[in-house]
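Undergrad:
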Amino acid sequence: MRATLFLCHAVACCWLGSATLSKTDAKKSHKAEAETSLAEVSVLERGLVVSDPHWKDIVKEEKRHCAQIKKTFQGPVLGYVTPWNSHGYDIAKLFGSKLTSVSPVWLQLRRRGPEIFDVTGIHDHDPGWVKAVRKANKKVRMVPRLLFDGWSYQDYMSVLGSEDEIEELGGELVDVAKTEGFDGFTLELWSQLGGNKRKELVHLVKHVCETLKAKRLDCILVIPPAVTSTGQQGMFGREEFEQLAPTVDGFSLMTYDYSNGARPGPSSPLPWVRDCVLQLAPNTEWRQKILLGLNLYGLDFAGQGTEPILGARNNAVKHVVYYPSLKSMHMRISLAKELGTGLSLWELGQGLDYFYDLL
346 MRATLFLCHA VACCWLGSAT LSKTDAKKSH KAEAETSLAE VSVLERGLVV SDPHWKDIVK
406 EEKRHCAQIK KTFQGPVLGY VTPWNSHGYD IAKLFGSKLT SVSPVWLQLR RRGPEIFDVT
466 GIHDHDPGWV KAVRKANKKV RMVPRLLFDG WSYQDYMSVL GSEDEIEELG GELVDVAKTE
526 GFDGFTLELW SQLGGNKRKE LVHLVKHVCE TLKAKRLDCI LVIPPAVTST GQQGMFGREE
586 FEQLAPTVDG FSLMTYDYSN GARPGPSSPL PWVRDCVLQL APNTEWRQKI LLGLNLYGLD
646 FAGQGTEPIL GARNNAVKHV VYYPSLKSMH MRISLAKELG TGLSLWELGQ GLDYFYDLL
């Protein structure tokens, strides 16, 4: 998600830090030119982490990360990479030393029949790229996201009610991981049942993770927010967290997409993010396994609806844009440090390159 920010007739707003392009500025012909040389010091030392950034400074500096790439965030950091964003592949190689795990969004798990499972999407696996990421960080764990895709309600009921089905599912994942050289998987299945069958899902996830861990493979679970944007309890709560925490290696917590087209606003307001963590883990025993989600993308609320920001726009429509800033990123990373959680980044290649100075 490359960004040339704040074009004509756009209003760019950041949670706890806003920047507005005035009509006067919009009429000016002066253009800010991006610097391409790397910086000697980080964005913090350059004084760029401020509540009221000027758009010209962002355009000028956003590609200038610190030349010395060193991890400063002490907790685990999971970065997602998608096949449709090639820059994310480059970011994973460049900033690999700041990541503990990388989750390429490659794979789908399909149920073909009774006790028959098939992992698809392996054609997206790029061994050369994986080798390059490991060169940047020998300890990085490659844990592709595995989406339970195309499952009917009956498929779930058949698997959740059968130990043999669950055993076959776990065995298939171990076989794929060993064949492809993966270090485990990031499982995405919890939201598909809309909060139903929680007890059965806990049993399934626990069994699959135990099977993976027995083969020294990691098991990360994607979980929805513990609190909805309307203040209601989410589909995954403290009870499920405490049951799974001893077995699951990490919980990729989706603390973003708080707002929507019907109610424009920030993607991840800080009080809500804090509440989502504390609802799951009021005590610190397992809190380090929570990977607090950071969105690196912005949202554009315009007359025609809500869209993620994928690049520059220039038209006569008024746009209200919520986009991460260095300040908003820094505050959320500081919250993770305070609470003792890790981080999960959706997704590498979105956002601005100098954001990675903060990790």
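Just so we're aligned: the sequence shown equals residues 346 to 704 in the numbering used here.
The beta-carbon is built from N, C-alpha and C at its ideal position, and this holds for glycine as well.
On the DSSP letters alone, give me the boundaries of the alpha helix (DSSP H) that Thr629 sits inside.
TA: Here residue 629 is taken as the residue at index 284 of the sequence shown, counted from 1. Segment: none, Thr629 is in no alpha helix (DSSP H) and carries neither H nor E.
Undergrad: Just to confirm before moving on: does the CB-CB distance between Lys634 and Ala571 stay below 8 Å?
TA: Counted from its first residue, the sequence shown places residue 634 at position 289. Counted from its first residue, the sequence shown places residue 571 at position 226. No. Outside cutoff.
Undergrad: Which residues bound the beta strand (DSSP E) around Leu690?
TA: By 1-based counting over the sequence shown, the position of residue 690 is 345. That run of the beta strand (DSSP E) goes 687 to 691.
Undergrad: Taking the alpha-carbon positions, what's the Pro705 to Glu513 distance?
TA: No answer is possible for residue 705: the residues shown for the chain start at 346 and end at 704.
Undergrad: Closest by CA to Glu510, which one among Leu389, Leu532, Leu549, Leu383?
TA: For the purposes of this step, residue 510 is taken as the residue at position 165 of the sequence shown. Among Leu389, Leu532, Leu549, Leu383, the Cα nearest to that of Glu510 is on Leu549.
Undergrad: In angstroms, rounded to a whole number, what distance separates the CA positions of Ser673 and Asp620?
TA: What you label residue 673 is simply residue 328 of the sequence shown in a count that begins at 1. What you label residue 620 is simply residue 275 of the sequence shown in a count that begins at 1. One C-alpha to the other measures close to 17 Å.
Undergrad: If distances are taken between C-alpha atoms only, which option among Gly582, Gly694, Ile678, Val488 comes closest to Asn541?
TA: By 1-based counting over the sequence shown, the position of residue 541 is 196. Selected option, being the one with the closest Cα: Gly582.
Undergrad: Please report the straight-line C-alpha distance between Leu557 and Ala522, rounded to a whole angstrom.
TA: Within the sequence shown, residue 557 is the residue found at index 212, counting from 1. Within the sequence shown, residue 522 is the residue found at index 177, counting from 1. Rounded to whole angstroms, Leu557 to Ala522 spans 9 Å at the Cα level.
Undergrad: Taking only three categories from DSSP, how would you classify Ala559?
TA: To locate residue 559, count along the sequence shown from 1; it is residue 214. Of the three classes helix, strand and coil, the one that applies to Ala559 here is helix, per DSSP.
Undergrad: Please report the Cβ distance between Tyr699 and Gly610, rounded to the nearest whole angstrom; I am assuming they are in contact, meaning their Cβ atoms lie under 8 Å.
TA: As a first step, residue 699 is located in the sequence shown; it is residue number 354 there, counting from the start. As a first step, residue 610 is located in the sequence shown; it is residue number 265 there, counting from the start. Between Gly610 and Tyr699 the Cβ distance is about 25 Å, and since that is not below 8 Å, they are no contact.
Undergrad: Are the region 443 to 451 and the region 485 to 495 in contact at 8 Å, needing three or more beta carbon pairs?
TA: Yes, the region 443 to 451 touches the region 485 to 495.
Undergrad: What are the complete beta strand (DSSP E) segments, minimum 3 residues, inside the region 420 to 461?
TA: Complete beta strand (DSSP E) runs here, min 3: 422 to 426, 446 to 449, 452 to 458.
Undergrad: Whole angstroms is fine: what's the gap from Leu684's alpha carbon to Arg677's?
TA: For this step, residue 684 is matched to residue 339 along the sequence shown. For this step, residue 677 is matched to residue 332 along the sequence shown. Rounded to the nearest angstrom, the two C-alpha atoms are 11 Å apart.
Undergrad: Taking the alpha carbon of Phe596 as the point to measure from, which residue in Tyr603, Glu585, Gly606 has its own alpha carbon closest?
TA: Position 251 of the sequence shown, counted from the start, is the residue given in the question as residue 596. Cα-wise, what sits closest to Phe596 is Glu585.
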